[in-house]
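Please read the structure below before turning to the comments.
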Amino acid sequence: MSNHQQLITNFDRLGLQRIKEYFPNYLEVVNNQSIPFTEALL
646 MSNHQQLITN FDRLGLQRIK EYFPNYLEVV NNQSIPFTEA LL
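Residue 678 in the numbering used here sits at position 33 of the sequence shown, with consecutive numbering throughout.
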């Protein structure tokens, strides 16, 4: 299982549905702007 899939699975296990929904947007920001994931969350 890929790290990405494990992360999505863990969001489900923890009941973090909103983060699961928004994760692709955050990932796009991180990749496009070359910033750490934590900065994308701000």
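Note that CB positions come from ideal geometry on N, CA and C, so glycine has one too.
For A685 versus Y671, is the C-beta spacing smaller than 7 Å? Yes, the Cβ-Cβ distance between A685 and Y671 is below 7 Å.
Helix, strand or coil for P681 per DSSP? In this structure, P681 counts as coil in the three-state DSSP scheme.
Boundaries (first-last residue) of the alpha helix (DSSP H) holding L659: 648–659
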